[in-house]
Amino acid sequence: MAGIKTLGQFIIEKQADFPYAKGELSRLLRDIAIAAKIVNREVNKAGLVDILGEAGTVNIQGEDQKLLDVFANNQFIAALTCGGECCIVATEEEEDFVPIDSPVSKNAKYIVCIDPLDGSSNIDCNVAVGTIFSIYRRKSVDGMATIADVLQKGTEQVAAGYVIYGSSTMLVYTTGKGVNGFTLDPSIGEFCLSHPNMRVPSEGYIYSINEGNYVHFPEGVKKYLKYAQVEDATTNRPYTSRYIGSMIADIHRNLIKGGIYLYPTTSSSPNGKLRLIYECNPMAFIMEQAGGVASDGFNRILDIQPETLHQRTPVFIGSEKMVKMAEKLMREYSPQKPLLNKESTVAIKLNGTDQIPHKIITG
Ligand code: P6P
751 MAGIKTLGQF IIEKQADFPY AKGELSRLLR DIAIAAKIVN REVNKAGLVD ILGEAGTVNI
811 QGEDQKLLDV FANNQFIAAL TCGGECCIVA TEEEEDFVPI DSPVSKNAKY IVCIDPLDGS
871 SNIDCNVAVG TIFSIYRRKS VDGMATIADV LQKGTEQVAA GYVIYGSSTM LVYTTGKGVN
931 GFTLDPSIGE FCLSHPNMRV PSEGYIYSIN EGNYVHFPEG VKKYLKYAQV EDATTNRPYT
991 SRYIGSMIAD IHRNLIKGGI YLYPTTSSSP NGKLRLIYEC NPMAFIMEQA GGVASDGFNR
1051 ILDIQPETLH QRTPVFIGSE KMVKMAEKLM REYSPQKPLL NKESTVAIKL NGTDQIPHKI
1111 ITG
């Protein structure tokens, strides 16, 4: 078939974008893709082999680990150990970071932060799940890499991506020069370029949130939901609610169609549920590279300085105009710590009729 470009070919081709690259990042991305193909094989037949259900263990988050969580975690760590390009793996499934202590990895340049299988509670009912990864350059120069090498701001990422094990299996990633999507062709066992230069529409009409938590949402989120549900043909409202309960699936759909995914603070998740380092930072990098926005309701996700390995953050991510509207309402109705930027006041239409002056932060 004319025009097939595999992930491997694409990575080599794009390596030229990085004049100083000697192939380590390319090798690292290929190592991740190999592990993803192995995980895909098990996810796709999970119902047939004894790999569904609970592992009988609990991860650092206090969540029951599924057999596939543990399997996926082990596969990625094994592939990264074998590849020799990564010196530390920070994973949702391990309490502390995992030093890759092999002769070739001690001097490896890269750190990988990973959620091996996000949404795994959905596996038993055949809902799309995914892997999320984030790649940093090691900052320390000698000895073993440390936690400081992991706790870097999202702006320091050199690459980020996700694999969605859905009706088809796709790998979507960025190295800071746009976002490209590859669909796995099982007949040749290769990820093939299927979605070049992915861009998220600046406006969308889909919102994704667990409305079961409504009573505990910040007032600004409640106002946003009411805004989304108002009849206003001129702004294509009411929007459509779509919530799969698997963040990668929701964000992937919104990336393609336009939309916003919100996981705000709730009573059971006072700091938000999603983890900064291996969920929100990589998805924020990808979304921004596709022309979208990702914030905690007030601040850019990528600017947050991580303090701990598994820290959580509220997340509002997707089409720029939708996230900006949600941020305006958060600043107006759920003010957080004062922001440094200059404040200005502008009237915005909330329900097509009211002109309510709202402070927004500009600059
Ligand atoms: P809730 C899956 O556990 C996850 O981390 C995300 O993939 C998903 O969007 C969210 O949590 C679902 O959480 O509280 O709505 O069930």
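The numbering used here puts the sequence shown at residues 751 to 1113. By construction, the Cβ of each residue, glycine as well, lies at the ideal position given by its N, Cα and C atoms. Just so we're clear, the structure is a prediction, and the values are computed from it rather than from any experiment.
- Per DSSP, reduced to three states, the secondary structure at L778 is helical.
- Our two residues, I873 and Y912, have alpha carbons roughly 17 Å apart in a direct line.
- Annotated three-state conformation of S870 is helix, per DSSP.
- When DSSP reads this structure, I864 sits in a beta bridge with T841, F883.
- Per the DSSP secondary-structure output, H945 pairs in a beta bridge with G931.
- Secondary structure at F768: coil, using DSSP grouped into helix, strand and coil.
- For the pair G954 and D851, the Cα-to-Cα distance works out to about 46 Å.
- Under the criterion of beta carbons closer than 8 Å, Y974 and L1079 qualify as touching, at roughly 5 Å.
- Beta-bridge partners assigned by DSSP to I1067: Y1011, A1044.
- Using a C-beta cut-off of 8 Å, the segment 836-855 makes no contact with the segment 989-1001, since fewer than three inter-stretch Cβ pairs fall below that distance.
- Residue environment for Q825: buried (at least 16 other C-beta atoms within 10 angstroms of its C-beta).
- DSSP places A858 in the coil class of the three-state scheme, outside both helix and strand.
- Here the alpha carbons of G931 and T919 stand approximately 10 Å from one another.
- Around the beta carbon of M1037, 16 or more other beta carbons sit within 10 angstroms, so the residue counts as buried.
- The DSSP-derived three-state label of Y964 is helix.
- Looking at the DSSP output, V913 bridges to T881, L921.
- Taking 9 Å as the cut-off, the Cβ atoms of I1051 and N1004 do not count as close.
- Apart from the 5 residues on each side of it in sequence, P951 sits with its Cβ closer than 8 Å to the Cβ of K1007, G1008, S1069 in its chain, given in chain order.
- Proximity of the beta carbon of N960 to the ligand P6P is indicated: a heavy atom of the ligand is located closer than 8 Å.
- Here the distance from the Cβ of N1004 to the nearest heavy atom of the ligand P6P is not below 8 Å.
- Annotation for Q902: Y886 place their beta carbon closer than 6 Å to its own, counting only its chain and skipping 5 residues before and after.
- Between T1063 and A1044, the alpha-carbon positions lie close to 11 Å from each other.
- Rounded to whole angstroms, the separation of the alpha carbons of N947 and E1082 is 35 Å.
- Taking 8 Å as the cut-off, the C-beta of N1021 does not count as close to any heavy atom of the ligand P6P.
- Distance check between L943 and each of Y923, A878, N823, N960 places Y923 closest, using alpha-carbon atoms only.
- Between S884 and H966, the C-beta spacing is not below 9 Å.
- For I956, the enclosing beta strand (DSSP E) has its first and last residue at 956-958.
- Relative to the ligand P6P, the beta carbon of Y989 is positioned no closer than 8 Å to any heavy atom.
- Following the DSSP letters along the chain, one finds F821 inside the alpha helix (DSSP H) bounded by residues 817-833.
- Between S870 and Y915, the alpha-carbon positions lie close to 11 Å from each other.
- F1048 sits away from Q907, with the two beta carbons spaced by 9 Å or more.
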